[in-house]
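When we follow this note's numbering, the leftmost residue of the sequence shown carries the number 104, and every step to the right adds one.
One structure is given below, encoded as structure tokens.
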Amino acid sequence: MSYTAAPHHRSVAQALARARRLVVRVQAGALLVLMLLLVVVASPARGEVTERSATTFATAPDTPLPQRLSETGLLYGADGVPGRVVGADTLPFSPQYPLWSDGASKRRWIRLPPGTFIDASDPDAWRFPVGTRLWKEFAHAGRPIETRFIERLADGRWRFATYVWNLQGTDALLAPERGVRALPAPGAPGGLYAVPSRADCRACHEGGPSPVLGFGALQLSPERDPQVPHAETPPPGHTDLADLQARGLLRLLPATVAQTTPRIAAASAVARSALGYLHANCGHCHNHTGPLAAMDMALLQSVADAAGSARRTWASVYGKTSRFRSDRGDRGDDAEAQRIAPGRVDDSTLLQRMASPHVMSRMPPMGVSVVDVAGLQLIRQWILDHELSSPLKEHTP
Ligand code: HEC
Ligand code: HEC
């Protein structure tokens, strides 16, 4: 049996130092992804027409971020009341597997420059024309708190920003680069709300094959998973995969994907939702291509190879030694920590970290302060079902 050298009880300082090193690694990795993106953008092979016609609508790289949300192009009603977004080219959308953010409700929009389209030739990493803008609004108790904004600049890079609403909900101003640690926000858990820093945006958005996380073939499939926790009802007039294709806004989708309705490959409804949940809440960091690829924990699903990615996920967690040592301290010294420990679901670090009350060990490491009980139950059920249907050959208690 291999044994991890890490001590059972890490001091906070040690844990912090470790987390910092990892954050640096994530950022370095993000930089690499960015550079690769630039290379791809520079190559004239595909989408040339799209990008040329978009240039006139794209923001020059050095342009400062607008100070007000309305200046980003997301138009609210003349009375400023959110919910009355105007502008026919601003399309609302809703991913079938939403990210858990302490119960905040969300609305999202995309706008492509006129005459452009998304290049879907890699169905798992769409290429968006320069000038693409996406927004995501977070609200508690019916009041918007922040609206996040990402934009693809004329040089192909993406930029990230967020705008914080005033208490009346009439205007939103650019948040500082470092975010806001504890914004008073009625309706948020404990009355406080954490606005992420721009480095946080990049840690999540640049950790996988595409910086756009909730607007892709799987997330926009017209066949939505009805059972996933916190499933949203798509807003009126929302766009999805079929609508984008019909409007000519999405092209070059490989025939193998275009002829089917993308969905997660799973034998049961529970397994489908569980894989979808991990895809949306964890897969942007834990995947086999990004900065954390060396961890070999692949929680992102693919539409090009749905069955293969589902198998890869299970194989990368089940019975796999975990580098993380449980902070429960109630196991014998010789117990090896596992991501999913066969026959010992509650000892599995994957579940422990989702349920952890400690900031330093909780997963995801940012954007969550209230444990997602429904998500946790789903993952637990998935593991138990899996074990019942495929009894373990060598199960050592
Ligand atoms: C903890 C990870 C995480 C952090 C931090 C984060 N995001 Fe996201 N974001 C996501 C995920 C996952 C989605 C898609 C799922 C959803 O919307 O529910 C998303 C969706 C979005 C969208 C809609 C377009 C898309 O990619 O689907 C925008 C815009 C956005 N985020 C902007 C930001 C900005 C700006 C920041 C920083 C201020 C930020 N995000 C921080 C994970 C994160
Ligand atoms: C913002 C990026 C990010 C997101 C999102 C994220 N993680 Fe992690 N995760 C990390 C990093 C970095 C590490 C390694 C450092 C550590 O263990 O704290 C890690 C480590 C882990 C480990 C220990 C790995 C091992 O060797 O066994 C588990 C288990 C884990 N994460 C589960 C999850 C789950 C489940 C989710 C979603 C509910 C999730 N993570 C979401 C960044 C992330």
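For glycine and all other residues, C-beta sits at the position ideal for the given N, C-alpha and C.
DSSP state of GLN441 mapped onto helix, strand, coil = Against the sequence shown, residue 441 aligns to sequence position 338. Here GLN441 sits in strand by DSSP.
inquiry  = From the DSSP secondary-structure annotation, give me the bridge partner or partners of LEU276.
reply    = Position 173 of the sequence shown, counting from 1, holds the residue named residue 276. BP columns for LEU276 point to ARG171 and VAL267.
message = I'd like to know whether the C-beta atoms of GLU326 and SER300 end up nearer to each other than 8 Å.
response = Taking the sequence shown and counting its residues from 1, one reaches residue 326 at position 223. Taking the sequence shown and counting its residues from 1, one reaches residue 300 at position 197. The answer is no: Cβ separation not under 8 Å.
task = Measure the C-alpha to C-alpha separation of ARG354 and LEU481 and round it to an integer number of angstroms.
result = Position 251 of the sequence shown, counted from the first residue, corresponds to residue 354. Position 378 of the sequence shown, counted from the first residue, corresponds to residue 481. For the pair ARG354 and LEU481, the Cα-to-Cα distance works out to about 35 Å.
task = Compute the Euclidean distance between the alpha carbons of ASP205 and VAL476, then round it to the nearest angstrom.
result = Here residue 205 corresponds to residue number 102 of the sequence shown, with the count starting at 1. Here residue 476 corresponds to residue number 373 of the sequence shown, with the count starting at 1. Cα to Cα, ASP205 sits roughly 11 Å from VAL476.
key: Beta-carbon spacing of ASP222, ARG230 below 8 Å   = If you number the sequence shown from 1, residue 222 lands on position 119. If you number the sequence shown from 1, residue 230 lands on position 127. ASP222 places its beta carbon less than 8 Å from that of ARG230.
key: Rounded C-alpha distance that separates ARG90 from THR235   = Since the displayed the chain opens at 104 and closes at 500, residue 90 lies outside it and no answer follows.
message = If contacts are defined as beta-carbon pairs under 8 Å, then ALA275 and ARG171 qualify, I think. What distance do you get, rounded to the angstrom?
response = For the purposes of this step, residue 275 is identified with residue 172 of the sequence shown, where counting begins at 1. For the purposes of this step, residue 171 is identified with residue 68 of the sequence shown, where counting begins at 1. ALA275 to ARG171, Cβ: 7 Å. Contact.
request  = Say yes only if the C-beta of ASN384 is nearer than 7 Å to one or more non-hydrogen atoms of ligand 2, and no if none qualify.
outcome  = One-based indexing of the sequence shown puts residue 384 at position 281. Yes - ligand 2 has a heavy atom lying nearer than 7 Å to the Cβ of ASN384.
query = Between TYR296 and ALA278, which are expected to be in contact by the criterion C-beta below 8 Å, what is the C-beta distance as a whole number of angstroms?
reply = Walking along the sequence shown from the start, residue 296 turns up at place 193. Walking along the sequence shown from the start, residue 278 turns up at place 175. Between ALA278 and TYR296 the Cβ distance is about 11 Å, and since that is not below 8 Å, they are no contact.
ask   = For PRO292, which of helix, strand or coil comes out of DSSP?
value = By one-based count along the sequence shown, residue 292 stands at place 189. Helix.
message = For HIS389 and GLY379, I'd like the C-alpha separation in whole angstroms.
response = As a position in the sequence shown, residue 389 is number 286, starting the count at 1. As a position in the sequence shown, residue 379 is number 276, starting the count at 1. Spanning the two alpha carbons is a distance of roughly 13 Å.
request  = Pull up the DSSP beta-bridge partners for VAL283, would you.
outcome  = The residue labelled residue 283 in the question sits at position 180 within the sequence shown. The partner list for VAL283 (beta bridge, DSSP) reads VAL298.
ask   = Would the beta-carbon of THR193 fall within 8 Å of that of LEU256?
value = Here residue 193 corresponds to residue number 90 of the sequence shown, with the count starting at 1. Here residue 256 corresponds to residue number 153 of the sequence shown, with the count starting at 1. LEU256 is positioned such that its CB atom lies no closer than 8 Å to that of THR193.
inquiry  = Which residues does DSSP list as the beta-bridge partners of ARG236?
reply    = Taking the first residue of the sequence shown as 1, we reach residue 236 at position 133. ARG214 and GLU254, per the DSSP bridge assignment.
ask   = Roughly how many whole angstroms lie between the Cα atoms of THR364 and TRP238?
value = As a working note, residue 364 is residue 261 in the sequence shown. As a working note, residue 238 is residue 135 in the sequence shown. Distance between the alpha carbons of THR364 and TRP238: 26 Å.
ask   = Do you know offhand how far PRO329's Cα is from ASP165's?
value = Counting from one through the sequence shown, the residue named residue 329 turns up at place 226. Counting from one through the sequence shown, the residue named residue 165 turns up at place 62. Straight-line Cα distance between these residues: approximately 43 Å.
Residue range of the unbroken alpha helix (DSSP H) whose run includes LEU479 = Position 376 of the sequence shown holds residue 479. Residues 476-492.
task = Grab the span of the beta strand (DSSP E) containing LEU344 for me, first residue to last.
result = Mapped onto the sequence shown, residue 344 falls at position 241. No beta strand (DSSP E) holds LEU344; the alpha helix (DSSP H) holding it covers 344-349.
inquiry  = Please determine whether the Cβ atom of ARG428 lies at a distance below 7 Å from any heavy atom of ligand 2.
reply    = Position 325 of the sequence shown holds residue 428. Not under cutoff, so the answer is no.
ask   = Given a threshold of 16 other Cβ atoms within 10 Å of its Cβ, counted over all protein chains shown, does ILE486 qualify as buried or as exposed?
value = As a first step, residue 486 must be located in the sequence shown, where it is residue number 383. Result: buried.
Inter-stretch contact at 8 Å, needing at least 3 Cβ pairs: the region 445-454 / the region 370-379 = Taking 8 Å as the limit for Cβ pairs, the verdict is that the region 370-379 does not touch the region 445-454.
query = Can the beta-carbon of LEU381 be found closer than 8 Å to that of THR342?
reply = By one-based count along the sequence shown, residue 381 stands at place 278. By one-based count along the sequence shown, residue 342 stands at place 239. Not closer than 8 Å, so no.
key: Alpha-carbon to alpha-carbon, PRO201 and LEU479   = Mapped onto the sequence shown, residue 479 falls at position 376. Mapped onto the sequence shown, residue 201 falls at position 98. When rounded, the separation of the alpha-carbon atoms in LEU479 and PRO201 is 15 Å.
message = What I want to know is whether the C-beta of SER313 ends up closer than 7 Å to one or more non-hydrogen atoms of ligand 2.
response = Numbered from its first residue, the sequence shown carries residue 313 at position 210. Every heavy atom of ligand 2 is 7 Å or more from the Cβ of SER313, so no.
Touch test, the region 384-399 against the region 345-352, Cβ-Cβ under 8 Å, three pairs minimum = The region 384-399, when compared against the region 345-352, does not touch it at the 8 Å Cβ threshold.
task = Whole angstroms is fine: what's the gap from LEU453's alpha carbon to PRO468's?
result = Counting from one through the sequence shown, the residue named residue 453 turns up at place 350. Counting from one through the sequence shown, the residue named residue 468 turns up at place 365. Roughly 13 Å separates the two Cα atoms.
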